[in-house]
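Colleague: First to last, the protein sequences are chains H and C.
The opening position of the first sequence corresponds to residue 229 in the numbering used here, with each subsequent residue numbered one higher.
The opening position of the second sequence corresponds to residue 229 in the numbering used here, with each subsequent residue numbered one higher.
Every residue, glycine too, gets a C-beta built ideally from N, C-alpha and C.
Quick caveat: nothing in here was measured; it's all calculated off a predicted structure.
Have a look at the structure that comes next, please.
There are 2 protein chains.
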Amino acid sequence: MGITKSEIFNRQQNRLATVLKALAHPARIAILQHIIKAEACICNDLVEELGLAQATISQHLRELKNAGIIKGSIEGTRVCYCIDEKVWVQISNEFSGFFASFTPVKNCC
Amino acid sequence: MGITKSEIFNRQQNRLATVLKALAHPARIAILQHIIKAEACICNDLVEELGLAQATISQHLRELKNAGIIKGSIEGTRVCYCIDEKVWVQISNEFSGFFASFTPVKNCC
DNA sequence: AGTATACATCGCAATATTACGATTAATTTA
DNA sequence: TAAATTAATCGTAATATTGCGATGTATACT
């Protein structure tokens with residue numbers, strides 16, 4: 229099949245999985261780290277920084293943007309990307325909530 | 229191509245991406261939530277709980293196991309799965325570190 | 001021994017992802 | 001206006017993922 233059966237899972241599970249998928253690629257991790265490090269925004273620098281083709285970087289940026297993690301604003305011929313603070317905090321909280329939901333048990337394995 | 233160029237990213241980026249990928253599916257999120265909720269371990273219950281075929285659940289469990297997130301111990305004809313506490317904490321810390329690395333800036337977008 | 005139970009694995013079909021060259025669109029500079 | 005710059009999109013090839021039926025394997029029950 230190859231198609232995820234989203235309808236059998238709840239909204240939270242699908243949402244979490246979607247965000248995780250957006251983050252689940254080394255190039256996209258690297259892109260986010262660079263955006264964070266550069267403090268300000270980025271664009272074509274990433275192509276030189278990462279050593280991937282421009283089309284590939286653009287595709288990764290689109291995925292991050294679709295997930296709402298980053299946002300871009302047009303500045304002349306360039307596009308300035310940066311972290312969407314609101315979403316970042318929200319995701320961060322969802323994640324800590326998820327990880328905090330587990331508390332070690334002794335009676336198993 | 230369809231193949232990720234892992235060699236151009238560092239160990240941390242690849243590691244983070246791998247773990248994220250293992251978590252990035254609603255079925256695997258649901259499996260983890262069920263294991264956590266049931267406190268003890270699980271096995272065939274997941275097939276009835278989630279409504280996916282046994283082969284499919286088994287495949288998802290293998291991915292979680294490969295990522296080190298869960299571990300299973302054989303108990304007769306059954307296999308008891310549970311969260312690997314050590315790895316869970318480690319991942320949790322890596323994630324909070326990653327999210328904490330961003331601090332809001334004003335001069336952009 | 002023979003049957004039942006619980007999982008893992010194989011093989012397949014449908015679909016998604018990754019990467020890139022080529023092209024297009026918009027803006028800036030000469 | 002022409003050329004240059006920047007980035008999005010299209011099309012395509014290679015590969016990965018998702019899901020399942022069928023089959024294999026190991027242990028438990030009778």
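Along the segment 283–303 of chain C, where does the CB come closer than 7 Å to a CB of chain H? Name the residues.
Modeller: From the segment 283–303 of chain C, only Lys299 and Ser301 have a Cβ closer than 7 Å to chain H.
Colleague: Could you have a look at Gly300 of chain H and say whether DSSP puts it in helix, strand or coil?
Modeller: Strand.
Colleague: Can you list the residues of chain C that Gly279 of chain H reaches, using a CB-CB cut of under 9 Å?
Modeller: Ordered by position in chain C, the residues that pass the 9 Å Cβ test against Gly279 of chain H are Lys233 and Ile236.
Colleague: Going straight from the alpha carbon of Ala255 of chain C to that of Ser234 of chain C, what length do you get?
Modeller: Rounded to whole angstroms, Ala255 of chain C to Ser234 of chain C spans 26 Å at the Cα level.
Colleague: Where do the ends of the beta strand (DSSP E) carrying Ile311 of chain H lie?
Modeller: Arg306 to Ile311 is the span of the beta strand (DSSP E), which, as asked, contains Ile311 of chain H.
Colleague: With burial defined as no fewer than 16 other Cβ atoms inside 10 Å of the residue's Cβ, what is the status of Ile257 of chain H: buried or exposed?
Modeller: Burial call: buried.
Colleague: Tell me, to the nearest whole angstrom, how far the beta carbon of Ile263 of chain C is from that of Cys310 of chain C; I am working on the premise that it is less than 8 Å.
Modeller: About 6 Å; that satisfies the 8 Å criterion.
Colleague: Using 8 Å for Cβ pairs, my map puts Gly296 of chain H next to Val315 of chain H. What's the rounded Cβ distance?
Modeller: Yes, Gly296 of chain H and Val315 of chain H are in contact; Cβ-Cβ is about 5 Å, under 8 Å.
Colleague: Against chain H, does Glu313 of chain C count as a neighbour if the rule is that its beta carbon must be under 9 Å from one of theirs?
Modeller: Interface residue, yes.
Colleague: Report all residues from its chain with a CB closer than 8 Å to the CB of Gln282 of chain C; omit the five preceding and five following residues, and keep chain order.
Modeller: Here the set comprises Asn272 and Val275.
Colleague: Give the DSSP-derived three-state secondary structure of Ile231 of chain C in the structure shown.
Modeller: Coil.
Colleague: So, is the C-beta of Val333 of chain C closer than 9 Å to a C-beta in chain H?
Modeller: Cβ-Cβ to chain H under 9 Å: yes for Val333 of chain C.
Colleague: Rounded to whole angstroms, what's the CA-CA distance from Leu292 of chain H to Leu280 of chain C? Just pull it up for me.
Modeller: Computed Cα separation, rounded: 29 Å.
Colleague: Does the Cβ-Cβ distance between Ser324 of chain H and Phe323 of chain C come in under 9 Å?
Modeller: Cβ distance < 9 Å, so Ser324 of chain H and Phe323 of chain C count as in contact.
Colleague: Using a cut-off of 9 Å between C-beta atoms, extract the partners of Asn242 of chain C located in chain H.
Modeller: Within chain H, the residues near Asn242 of chain C are Pro254 and Ile257.
Colleague: Step through the CB atoms of chain H and report whether any lies within less than 9 Å of the CB of Leu274 of chain C.
Modeller: So, not an interface residue.
Colleague: Excluding five sequence neighbours on each side, which residues of the same chain lie with their C-beta closer than 7 Å to the C-beta of Asp312 of chain C?
Modeller: Answer for Asp312 of chain C: Gly296, Ile297, Ile298 and Lys299, listed in chain order.
Colleague: Is it the case that the Cβ atoms of Gln261 of chain C and Ser286 of chain H are separated by a distance below 9 Å?
Modeller: In this structure, Ser286 of chain H does not lie closer than 9 Å to Gln261 of chain C by Cβ.
Colleague: Chain H beta carbons: is any one of them nearer than 9 Å to that of Cys310 of chain C?
Modeller: Yes, its Cβ sits closer than 9 Å to a Cβ of chain H.
Colleague: Where do the ends of the alpha helix (DSSP H) carrying Ala252 of chain C lie?
Modeller: Looking at the DSSP string, Ala252 of chain C is not in any alpha helix (DSSP H), and its letter there is neither H nor E.
Colleague: Tell me whether the beta-carbon of Ala250 of chain H lies closer than 9 Å to the beta-carbon of Asn321 of chain H.
Modeller: No, these two residues do not count as a Cβ contact at 9 Å.
Colleague: What does a CB cutoff of less than 7 Å around Cys308 of chain C pick up in its chain, not counting 5 residues either side in sequence?
Modeller: Excluding residues within five positions, the ones whose Cβ falls inside 7 Å are Cys269, Cys271, Gly300 and Ser301.
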